[in-house]
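Protein chains in written order, with UniProt numbering: chain A, 1 to 781; chain B, 1 to 599.
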């Protein structure tokens, strides 16, 4: 990174120190190496200039290190006697694509353009896509500063392209907002089909657009009473000039002083019409007959209600006319303002009698910029890829909202960021999900469950030192490893602190999102695979034991063998560096062996124990094809999973073994699984022939998470699952089978196994540390 | 400016006094007349006087009561009502007076020394009511009609005299005629029953059972009718229908023009003064207005021929109105006050406690629809009631044209008062409230008052007529430089109401007239937009706009006509009615006849 350590906005043309909270302060207070990142390689710019905020989008490539594994040539060696590691690890540079979005106040625009110009070194870009009302105004400035030709894009087209993009690519993008309830933000599971939906964009005016497909949308109506009316009328009535200040006034006012309520006319509720007495009969109705002076706060509140109710009513009328129940609200009127989200939600509930939910979007402010960018990048086919929000590089919802974080600087002083990584492969639903639209991967919603949230945040905080140590250790040759590790620590620590206060920042907070955020942060500081060496060693040790384990299994009778195989799976699962209880043991006792692990296991009956049912099932006809999601490297995959796979293969069941595409903790990656399988095949004829004959298939999941989201799986895997007619899904490990998917309903038989390596969680589930989950489920006929 | 109010009534005094003062000139004289029990004025009421004189007690209570009648804010004070002139929606004076004090000062002027107290009112009410008219036969339910207080509070009433009084108070008896068009069910042999009983039974002979706690207005009405003649299927005069809205009270009054000399003679003074006062003035006090141009002439209602008058005054004068009702002893007339609108509920208690009047409360939407259908069916003095605008999208050619609403169903009825209610009407008594919006006439006036400092609806409209909303609103072309072709939006369309007011320079450069116009256009277009969506959702293509927001408001009517036509590509038609805001009141009046009819 070539960023100067402290860049003040002064460098970009504006003046001011980094402190203070007033809106005149024009200094950038975020660490400068976090704004306009990766500008050197940037290409394809897009800019969305709104009434007060500018959103800049650019596409860049990120070069970061990845650990690659490569098999040695073992053809003439006997691995059993080999003290060499089973494969070699090399750290390579990898280039991935990333989308950067930066949102800042229009007042910074010139300074920002200068900054970009100075840092834009080797770009071939000649054009910048521009959208938004301010695109006209700043056209000349942009062309002059950046030497790029401004290409104007239609505002609404951009907005909708952006909306489609986030709805497809960002889980938990949409949420309903309920002030006062806990949690206030309720994130929605992405519907497998994004369309059709209604987008109500509340800018100066209101546009209501029906979106039917990626390219087909229609402006079905609008209203001139919108954010501009609130702002304009509000400024006239209260002499308050700023939109945010008007909202602030409104949040303190009493509209009943200004509005004529039903009870003012009726003296109470209107029973015959079923209207509550508190309903507004006539907005501003009292100001026509009263001779009192009204307070600014009261008028602002009345105005806010009037406009929100009106918009909500129209939105409901349009939704009804077009038979749509998904209505997303956006525009500067909404943007991150709990006050307006609240009034709009109220209005929608009232007018639709609860039939329509007001939905808001986490990245609503970026839609125009995203859309403009996508328009300009059409030749790169961005829509053919799957994208993932990078938690490390994104600010999160409300990060700069003064309403929710009064202690933070006002938004005027902050920059808001969104980064999205392009995934190598497109992601789709697992075809075996019973109901993709209601599938929620995560078992516990930490936004909802304050106790659990507190526990897990603390848990991740406490584990941070160990992760930092592990990260440094994984790169012994690196001079700056310690420095980067420290940066990682700070970054992840600050994310955890932010999540304590704003658990909704990145959608529903879950153990999975905490784990993923950690992975993103590690990657950010070039620790692509801190466990590579550990995994290498573990795999080597386990491979040496493989034959012995197979021998002893083969010596058992059928029924005993089935139990031993399952115990093996479970014991292997104890080897989990992600679990603090285990990593402590592994750290202090590296010789912790397979047999000891077995002894640690709970005796049957297990905490959740449907083993008998499973055994019964095994006595029946073999499954056609089993899809197995593997967990850890080493003992787990080699001595637990492979013997189990071998048994299934012997029964005539085909096996798809799915491993992570990228590294996460000590989870076995796809490339590692290839080497491991190759090594096992060399030792075992069953595996060898199955691999050769295509009865055992190694696939990648598309994920780099210790957890498993069955709605975002590698498309190739999904296709194969369908082709092979998989009728058994085996999910192994705490991350995949307990933190996620514990309640996942599948259309076929499933086996979820895990050892609870966390005493808090074990207790929650009614067991103790190392309790066993063995959940065999058969879908209802 | 339409400053209409100032010179009306009894010469600048407030309406309440004026009613009584009609034909008598001065305020004080009015009060003398008002004193129903005054032996000097109406000897026949002499016995009543005795009662009236009794409660000289607790003048302080009376003061308090009078004071309480006018809420702290608003225009209920005696002075307030009278202060500003103008149409119906004007705001009251900005300087509240002390109503209690004013009353105190006045009372002694009346000369009788009677202090009006609630107690007093009750006594009067009992007096005038109990022995009202002789029932056809004792025990025929007459006594049920007596207010509960009569028995409990004044068992020793000298009822005999009051009985005489009662006859007089009943007003005159209508001549036998064919059942009116609205009263379709005639009583058997009703037409044949001739002369009303001239000599009521002596009240002393009547048993006085303890009356029930609360009589329904309908029952009272029936009783009264029986007392009237024992055969009439029409209520006693005066005939009022009232719609007490959030901003305006709408009152319709039927003035019988077929009064016979005999009737005239028998018409009680009080009733006559009401009739004379209402019909000979066009303004009452400073805020009451009679919309002379709307008067329906030679109308036959409930078998009587006469004129229907349309009167309005601000709802904030309601307490003054009730006070007047009390002072004029309106309850003695025994008319049923049919009232609709929210105020019928809100002021019910005040009507009862202050004026001893039991309101017959009616559903406002029922009244609206029945009133509308009725007025449309009788026509507007030979002209059609309903009209539309031809060529609404072409300002040059846009013209008002009559519309035949003979087959009105289904229609979307948009009632624009302080707020807006939207109804889908499928038949005379099959309708539903589709929705409503709080952005209505009250919002227009309220915002105008705040933005421009104007005080009345007329003032606001006059300003709006001169203004240019495009200075205030942000148009599509202000954003896109022209039409927004992607969505087929014209450059001249409003993109953001008041959107230009986000900029300080623009805020500093616009006029009050521009602001008034923008407010009017914003509110009107919004109602149009919601109405259009409702019409689409309900699959109705006729949209009838009524309500006082449209009064003298051609700008809004044309805008609505334009909006319906333009956005529906000619599929929707905006219809308007001449008596915009009065249908609720007419509907209430019709209920008065129905009650009679139902017996």
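All residues carry an ideal CB built from backbone N, CA and C; glycine is no exception.
Item                                                                                                                                              : Value
Buried/exposed call for residue 293(B), threshold 16 Cβ in 10 Å                                                                                   : exposed
Closer than 8 angstroms at the beta carbon, the chain A residues around residue 372(B)                                                            : Residues of chain A passing the Cβ test: none, with the nearest at roughly 18 angstroms.
Contact with chain B by residue 204(A), beta-carbon distance below 8 angstroms                                                                    : yes
Strand pairing of residue 259(B), partner residues [DSSP]                                                                                         : According to DSSP, which records beta bridges pairwise, residue 259(B) is partnered with nothing at all.
DSSP three-state assignment for residue 601(B), whether helix, strand or coil                                                                     : With chain B represented from 1 up to 599, any question about residue 601(B) goes unanswered, as that position is not in the structure.
Residue nearest to residue 343(A) in terms of C-alpha spacing, selected from 625(A), 308(A), 317(A) and 372(A)                                    : 308(A)
Chain B residues whose Cβ lies nearer than 7 angstroms to that of residue 309(A)                                                                  : 438
Assigned secondary structure, residue 255(A) (DSSP; H/G/I helix, E/B strand, else coil)                                                           : helix
Identified DSSP bridge partners for residue 98(A)                                                                                                 : 60(A) and 421(A)
Residue 197(A) at chain B interface by Cβ criterion, 8 angstroms                                                                                  : no
Proximal residues of chain A, C-beta to C-beta of residue 525(B) below 7 angstroms                                                                : 224
Contact list for residue 666(B) against chain A, beta-carbon separation under 7 angstroms                                                         : Not covered by the structure: residue 666(B). The range shown for chain B is 1 to 599.
Beta-carbon proximity check, residue 770(A) vs residue 753(A), cutoff 8 angstroms                                                                 : no
Identified DSSP bridge partners for residue 424(B)                                                                                                : 412(B) and 432(B)
Contacts around residue 606(A), its chain only, beta-carbon distance under 6 angstroms, and the 5 residues preceding and following it disregarded : 772 and 774
Helix, strand or coil at residue 720(A) according to DSSP, with G and I counted as helix                                                          : helix
Run of the beta strand (DSSP E) containing residue 207(A), from where it starts to where it stops                                                 : 206 to 211
Residue environment, residue 651(A), which counts as buried when at least 16 other CB atoms sit within 10 Å                                       : exposed
Bounding residues of the alpha helix (DSSP H) (the contiguous stretch that carries residue 290(B))                                                : Element bounds for residue 290(B): not the alpha helix (DSSP H) but the beta strand (DSSP E), 288 to 290.
Residues in the stretch 308 to 327 of chain B having any Cβ partner in chain A nearer than 9 angstroms                                            : 314, 315 and 316
Complete runs of the alpha helix (DSSP H) confined to the stretch 674 to 720 of chain A [at least 4 residues]                                     : 685 to 693
Cα-Cα separation between residue 624(B) and residue 504(B), rounded to whole angstroms                                                            : Summary: the structure shown does not reach residue 624(B), with chain B confined to residues 1 through 599, and so no result is reported for it.
Alpha-carbon to alpha-carbon, residue 296(A) and residue 244(A)                                                                                   : 14 angstroms
N- and C-terminal bounds of the beta strand (DSSP E) containing residue 525(A)                                                                    : Premise fails: residue 525(A) is in no beta strand (DSSP E) and is neither H nor E.
Cut-off 7 angstroms between Cβ atoms - residues of its own chain near residue 571(B), not counting five sequence neighbours on either side        : 541
Nearest candidate by alpha-carbon position, reference residue 579(B), set 507(B), 386(B) and 462(B)                                               : 386(B)
Supposed contact pair residue 112(A) and residue 104(A) - C-beta distance, whole angstroms, cut 8 angstroms                                       : 6 angstroms
Cβ contact check for the stretch 459 to 474 of chain B and the stretch 510 to 524 of chain B: 3 or more pairs under 8 angstroms                   : yes
Euclidean distance between Cα positions of residue 362(A) and residue 175(A)                                                                      : 8 angstroms
Within 8 angstroms, strictly: CB atoms of residue 592(B) and residue 338(B)                                                                       : yes
Among 261(B), 316(B), 374(B) and 533(B), nearest to residue 317(A) - alpha-carbon criterion                                                       : 533(B)
Cβ-based burial, residue 404(B) [other Cβ within 10 Å; buried from 16]                                                                            : exposed
Residues from the stretch 207 to 240 of chain A in contact with chain B, defined by Cβ distance under 9 angstroms                                 : 207, 209, 218, 219, 221, 222, 223, 224, 225, 226, 227, 228, 229, 230, 231, 232, 233, 234, 235, 236 and 237
Any non-hydrogen atom of the ligand MN closer than 7 angstroms to residue 525(B) Cβ                                                               : Of ligands this structure carries none, so the ligand MN is not represented either.
Test: residue 772(A) CB closer than 8 angstroms to a CB of chain B                                                                                : no
At least 3 beta-carbon pairs within less than 8 angstroms: the stretch 369 to 388 of chain B vs the stretch 320 to 338 of chain B                 : no
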